[in-house]
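The listed protein sequences derive, respectively, from chains A and B. Under my numbering, think of the first position of the first sequence as 537, with each following residue one higher. Under my numbering, think of the first position of the second sequence as 537, with each following residue one higher. This report concerns only the one structure given below.
Number of protein chains: 2
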Amino acid sequence: MNSGVKGPNVLDRLVTLFSKLPGIGKKSAGRIVYHILDSNPMLAENIANELSLLHKTIRRCSICGGFTENNPCSVCSDSGRDHSIICVVESAQDMRIIEDAREYPGVYHVLGGLIAPLEGVGPANLSIDKLISRLDGSHQEGENVKELILALNPTVEGDTTALYLQKLLKDFPVEITRLASGMPVGGNIEYIDKLTLSRSFRGRVKI
Amino acid sequence: MNSGVKGPNVLDRLVTLFSKLPGIGKKSAGRIVYHILDSNPMLAENIANELSLLHKTIRRCSICGGFTENNPCSVCSDSGRDHSIICVVESAQDMRIIEDAREYPGVYHVLGGLIAPLEGVGPANLSIDKLISRLDGSHQEGENVKELILALNPTVEGDTTALYLQKLLKDFPVEITRLASGMPVGGNIEYIDKLTLSRSFRGRVKI
Numbered sequence: 537m538n539s540g541v542k543g544p545n546v547l548d549r550l551v552t553l554f555s556k557l558p559g560i561g562k563k564s565a566g567r568i569v570y571h572i573l574d575s576n577p578m579l580a581e582n583i584a585n586e587l588s589l590l591h592k593t594i595r596r597c598s599i600c601g602g603f604t605e606n607n608p609c610s611v612c613s614d615s616g617r618d619h620s621i622i623c624v625v626e627s628a629q630d631m632r633i634i635e636d637a638r639e640y641p642g643v644y645h646v647l648g649g650l651i652a653p654l655e656g657v658g659p660a661n662l663s664i665d666k667l668i669s670r671l672d673g674s675h676q677e678g679e680n681v682k683e684l685i686l687a688l689n690p691t692v693e694g695d696t697t698a699l700y701l702q703k704l705l706k707d708f709p710v711e712i713t714r715l716a717s718g719m720p721v722g723g724n725i726e727y728i729d730k731l732t733l734s735r736s737f738r739g740r741v742k743i
Numbered sequence: 537m538n539s540g541v542k543g544p545n546v547l548d549r550l551v552t553l554f555s556k557l558p559g560i561g562k563k564s565a566g567r568i569v570y571h572i573l574d575s576n577p578m579l580a581e582n583i584a585n586e587l588s589l590l591h592k593t594i595r596r597c598s599i600c601g602g603f604t605e606n607n608p609c610s611v612c613s614d615s616g617r618d619h620s621i622i623c624v625v626e627s628a629q630d631m632r633i634i635e636d637a638r639e640y641p642g643v644y645h646v647l648g649g650l651i652a653p654l655e656g657v658g659p660a661n662l663s664i665d666k667l668i669s670r671l672d673g674s675h676q677e678g679e680n681v682k683e684l685i686l687a688l689n690p691t692v693e694g695d696t697t698a699l700y701l702q703k704l705l706k707d708f709p710v711e712i713t714r715l716a717s718g719m720p721v722g723g724n725i726e727y728i729d730k731l732t733l734s735r736s737f738r739g740r741v742k743i
């Protein structure tokens with residue numbers, strides 16, 4: 537619905553803004569904005585208030601690089617966690633997802649991306665120097681790291697980055713592991729792709 | 537990632553708010569909020585500003601019930617449109633979608649829902665009185681309506697509402713039609729459900 541006046545109105549502008557968010561197309565954006573318009577005005581106000589607070593209150597943790605309100609973040613400053621294991625993730629969001637599973641007892645390191653030459657992302661663009669400083673003890677926190685778990689996506693970029701880190705860090709007295717890749721729980725051999733199936737074979741475990 | 541402090545932080549609160557919007561689950565909400573956090577702060581600010589403007593600037597059109605900045609809306613106040621045809625839609629969003637197709641030359645009437653007894657929505661909850669006032673000429677605008685196109689979803693609720701309106705308005709000198717229901721363009725007979733196929737047969741057109 538174009539307003540009769542020249543420029544797009546607030547409704548159209550919001551639809552355009554929402555449609556640029558990941559996973560939201562033009563149609564879903566319209567649905568969302570009309571839903572907000574149909575809802576109690578408090579909803580729009582709440583989202584607006586939180587959004588304007590977002591960048592003011594959330595910062596990068598100076599140790600792991602995750603998003604946090606307080607620096608260092610609650611994970612890095614938690615003495616109950618195992619600081620001898622660092623889980624290396626691509627993004628702060630991956631860190632959140634692993635945290636939500638409540639399975640992992642150690643700390644994190646956010647790379648801020650994966651090596652992707654075609655997109656112009658090289659090792660220098662990632663937070664690798666900081667990772668090394670956490671391993672060689674030059675970091676103020678003096679973590680005594682024994683294991684590095686590379687929790688990177690099983691994609692070309694993830695594989696490349698894992699290989700790069702493995703070679704780069706081979707002289708450090710630290711064990712480097714990577715998350716198991718294979719069939720998802722509840723999956724069906726019939727529908728699994730060939731690459732995943734072959735990885736499942738190579739990574740088979742004794743029962 | 538739970539912040540060490542008691543309550544959820546702005547990040548968690550935003551994820552919860554976004555996950556309540558239509559079509560967005562907990563995971564997509566996380567992806568969206570982290571995307572906003574990773575983007576230029578202007579993005580969050582723009583969305584926040586537009587959201588706080590939304591309810592202040594957008595109102596219901598007093599004639600058709602669609603959302604608009606100016607009352608009456610650009611469609612109702614457009615003398616170039618055919619005011620003798622009213623397209624009856626469930627929601628302002630459906631009105632937007634039909635407008636975006638740039639095919640329909642007439643005006644609209646937003647019912648604000650469909651008759652759904654199980655959900656407690658009866659005819660009295662819909663904008664039917666207003667529709668009648670547009671037909672019997674008691675409305676200030678004095679539209680001379682010749683056709684009413686019921687553009688309601690081909691669902692039980694849509695069918696019920698169409699039937700109800702058809703009976704209610706049978707004495708008005710107005711032709712009542714309904715959008716054709718049948719196979720979507722590009723569809724495949726093999727994959728079409730039985731009900732749609734039978735509607736396609738009943739609604740077959742001479743070529």
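Glycine is no exception: its CB is placed at the ideal position from the N, C-alpha and C atoms. Treat the numbers as computed from the prediction; the structure is a model and nothing was measured.
In this model, Ser-734(B) and Ile-572(A) are separated by some 37 Å (Cα to Cα).
Beta-carbon to beta-carbon, Leu-684(A) and Leu-705(A) are separated by about 7 Å, close enough to satisfy the 8 Å threshold. Between the alpha carbons of Ser-620(B) and Leu-671(B) lies a gap of roughly 10 Å. Taking the C-beta atoms as reference points, Val-681(B) is found nearer than 8 Å to Val-710(B). Here Leu-590(A) is actually not in contact with Val-624(A); their C-beta atoms are around 26 Å apart, not less than 8 Å. For Leu-686(A), the enclosing beta strand (DSSP E) stretches over residues 683 to 687. Contact fails between the region 653 to 662 of chain B and the region 585 to 604 of chain B, because fewer than three Cβ pairs, one in each stretch, are under 8 Å apart. Within the region 631 to 674 of chain A, the runs of beta strand (DSSP E) that reach at least 3 residues and sit entirely inside it are, in chain order, 642 to 646. Counting C-beta pairs closer than 8 Å gives fewer than three between the region 632 to 644 of chain B and the region 576 to 586 of chain A, which falls short of the contact rule. Per DSSP, reduced to three states, the secondary structure at Val-741(B) is coil, with no helix or strand assignment. Per DSSP, the continuous beta strand (DSSP E) segment holding Val-624(A) begins and ends at 618 to 625.
Your pair Val-546(B) and Thr-593(A) checks out as a contact, with CB atoms roughly 5 Å apart and the cut at 8 Å. With respect to chain A, the C-beta atom of Arg-632(B) has a partner C-beta closer than 8 Å. Contact check for Glu-639(B) against Leu-688(B) fails: the beta carbons are separated by 8 Å or more. In summary, no residue of the region 659 to 688 of chain A has a CB separated from any CB of chain B by less than 8 Å. Glu-605(A) has its alpha-carbon roughly 29 Å from the corresponding atom of Thr-697(A). Three or more Cβ pairs closer than 8 Å define a contact, and the region 605 to 619 of chain B falls short of that threshold against the region 553 to 565 of chain A. Cβ proximity to chain A below 7 Å picks out Ser-564, Gly-566, Arg-567, Ile-568, Tyr-570, His-571, Ile-572 and Leu-573 from the region 564 to 575 of chain B. Taking Pro-641(B) as the centre and dropping the five residues before and after it, the same chain places the C-beta of Arg-617, Asp-618 and Ile-621 closer than 8 Å to its C-beta, in chain order. What Leu-553(A) touches in chain B, judged by beta-carbon distance under 7 Å, is Asn-582, Ile-583 and Glu-586, going in chain order. For the 8 Å CB-CB criterion, Gln-629(A) and Arg-549(B) do not form a contact. Sixteen is the threshold: since fewer than 16 other Cβ atoms of the shown chains lie within 10 Å of the Cβ of Ser-669(B), the residue is exposed. Taking Gly-694(A) as the centre and dropping the five residues before and after it, the same chain places the C-beta of Leu-650 and Leu-688 closer than 7 Å to its C-beta, in chain order. Pairing Phe-603(B) with Met-631(A), the inter-Cα distance amounts to about 41 Å. The beta carbon of Arg-617(B) sits no closer than 8 Å to any beta carbon of chain A. If you check the CB distance, Leu-731(B) and Glu-586(A) do not come in under 8 Å. When the five nearest sequence neighbours on each side are left out, the beta carbons in the same chain lying within less than 6 Å of the beta carbon of Leu-686(A) are those of Val-624, Ala-698 and Arg-714, in order along the chain. Taking the beta carbon of Phe-603(A) as reference, the chain B residues within 8 Å of it are Met-537, Leu-547, Tyr-570 and Leu-573, listed in sequence order. In terms of CA proximity to Ile-664(B), Leu-701(B) leads the group Ser-736(B), Leu-701(B) and Lys-742(B). If the five residues before and after Phe-708(A) are omitted, its C-beta is found closer than 6 Å to the C-beta atoms of Leu-671, all from its own chain and listed in chain order. At a cut-off of 8 Å, the C-beta of Thr-691(B) has no neighbouring C-beta in chain A. When the Cα atoms are used, Gly-718(B) and Arg-595(A) turn out to be separated by approximately 54 Å. Within chain B, no C-beta atom comes nearer than 7 Å to that of Pro-544(A); the closest sits roughly 10 Å away. Chain A has no Cβ within less than 8 Å of the Cβ of Thr-697(B). In this chain, the beta strand (DSSP E) harbouring Glu-711(A) covers 711 to 714. Chain A has no Cβ within less than 8 Å of the Cβ of Gly-656(B).
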